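Enquirer: Under my numbering, the first residue of the sequence shown is numbered 253, with each subsequent residue one higher.
From the three backbone atoms N, C-alpha and C, an ideal C-beta is built for every residue, glycine too.
Predicted model, so just to flag it, every value in this text is computed and none were measured.
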Amino acid sequence: MRRRGSDFGWLWSAYAVSTYGTWLAFGAFPLIAVRVLDSSAFAVSLLEAAGLAVAAVLAVPLGPWVAYRPKLPVMVATDLVRFAALASVAAAYALGVLSYGQLLVVAVVCGTAGITFTAASGAYLKSLVRGDRLLAANGRFEATSWAATAAGPPLGGALVGLLGPVVTITADAVSHLLSALAVRRIRVGDTAAPRVPAGSSRAADLGVGWLFVRRDPVLWRLFLNSVLVGGLIMATAPLLAVLLLGEYRWRPGSTGWSSASPRSAACSAHD
């Protein structure tokens, strides 16, 4: 039991450090797109939406792929992928060769890797924590997520104002490297679902899963709540960045604080 408690601590630490790193750099991509690449409002909106939209589409086949593989190597791999992608942005920015296309590709890669990491960590958590403690464990992860959502953007905005966007992107990259190192410290045995029998359809299995969520009133309301809250929080972020950074010429630090204020209120209301 002591071993499992220690391993849960490492898993939670990995999730926390990568989540805080992600939200710390929340406004860095729009800032670079507006200030460095002189991108339009449509381009900034596409940059913010593409990563999550493409990742959501890729999550459909990635779900079964994660289920049939050991979860710890998947988490380490996705952390290292995000580290490499974000480090490439910091390097290109420093060398003066950063392009909008690279930002777009990195946004898609990081979004997909983030969803994959979350799926793998959630599945592994079920095997790591006893059923009677699973609710408390999930609550700790959820509280960490919303705390990072509220605190990360203003802290990141202040950091950008002091040291520039490359610093927050570098911090985000390092956070995923630290997350991978934390996952590597976990020693409790890994889990993988049994392979699909020959002739069985993964598409049919996915359909059954979606139908199960749709027919369960509690799960369906939670799903809609998550989509609506997340969508409303994210929808105005790119346009706000273009307005404040471009037209009004606000400083990056001020932009981070202003964009975080409604998000903090939304998080409090959601909780």
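Is residue 289 helix, strand or coil by DSSP?
Expert: Taking the sequence shown and counting its residues from 1, one reaches residue 289 at position 37. Residue state, collapsed to three classes: coil.
Enquirer: Note down, in chain order, each residue of its chain lying with its Cβ closer than 8 Å to the Cβ of residue 263, except the 5 sequence neighbours on either side.
Expert: What you label residue 263 is simply residue 11 of the sequence shown in a count that begins at 1. These residues qualify, in order along the chain: 373, 376, 377, 380, 434, 435 and 438.
Enquirer: I'd like to know whether the C-beta atoms of residue 404 and residue 272 end up nearer to each other than 8 Å.
Expert: Sequence index remark: in the sequence shown, residue 404 carries index 152 (1-based). Sequence index remark: in the sequence shown, residue 272 carries index 20 (1-based). Yes, they are a contact pair.
Enquirer: Rounded to whole angstroms, what's the CA-CA distance from residue 342 to residue 308? Just pull it up for me.
Expert: Along the sequence shown, one-based indexing puts residue 342 at 90. Along the sequence shown, one-based indexing puts residue 308 at 56. Roughly 25 Å separates the two Cα atoms.
Enquirer: Touch check for the stretch 316–333 and the stretch 426–433: three-plus C-beta pairs under 8 Å?
Expert: Yes, since at least three Cβ pairs between the stretch 316–333 and the stretch 426–433 fall closer than 8 Å, the two stretches touch.
Enquirer: Which residue's Cα is closest to the Cα of residue 314: 442, 368 and 285?
Expert: Here residue 314 is taken as the residue at index 62 of the sequence shown, counted from 1. When only C-alpha atoms are compared, the closest one is 368.
Enquirer: If you count every other CB in all the chains shown that lies within 10 Å of the CB of residue 427, and 16 or more means buried, which is it?
Expert: Here residue 427 corresponds to residue number 175 of the sequence shown, with the count starting at 1. Its Cβ being crowded by 16 or more others within 10 Å, residue 427 is buried.
Enquirer: Less than 8 Å between the beta carbons of residue 310 and residue 364, yes or no?
Expert: For this step, residue 310 is matched to residue 58 along the sequence shown. For this step, residue 364 is matched to residue 112 along the sequence shown. Against a cut-off of 8 Å, the Cβ pair of residue 364 and residue 310 comes out as a contact.
Enquirer: Flag this pair as touching only if the stretch 276–293 and the stretch 344–351 have three or more C-beta atom pairs under 8 Å; answer yes or no.
Expert: With the cut-off at 8 Å, the stretch 276–293 and the stretch 344–351 touch.
Enquirer: Which residue's Cα is closest to the Cα of residue 261: 291, 421 and 389?
Expert: For the purposes of this step, residue 261 is taken as residue 9 along the sequence shown, with counting starting at 1. Minimum Cα distance to residue 261 is reached at 389.
Enquirer: Skipping 5 residues on each side, what residues in its chain have a beta carbon closer than 6 Å to that of residue 361?
Expert: Within the sequence shown, residue 361 is the residue found at index 109, counting from 1. Counting only Cβ-Cβ distances below 6 Å, and skipping sequence neighbours, we find 337.
Enquirer: Where residue 414 and residue 302 are concerned, what is the direct C-alpha to C-alpha distance, given to the nearest angstrom?
Expert: Residue mapping note: residue 414 aligns to position 162 of the sequence shown, counting from 1. Residue mapping note: residue 302 aligns to position 50 of the sequence shown, counting from 1. Approximately 29 Å between the Cα atoms of the pair.
Enquirer: Kindly indicate which three-state DSSP category residue 424 falls into: helix, strand or coil?
Expert: Walking along the sequence shown from the start, residue 424 turns up at place 172. Three-state result, residue 424: helix.
Enquirer: Measuring only the C-alpha atoms, how far is residue 288 from residue 322?
Expert: Position 36 of the sequence shown holds residue 288. Position 70 of the sequence shown holds residue 322. When rounded, the distance between both Cα atoms is 41 Å.
Enquirer: Could you name each continuous alpha helix (DSSP H) segment of 4 residues or more that falls completely within the stretch 356–439, going from the start of the chain to the end?
Expert: As far as the stretch 356–439 is concerned, its whole alpha helix (DSSP H) runs of at least 4 residues are 386–415 and 417–436.
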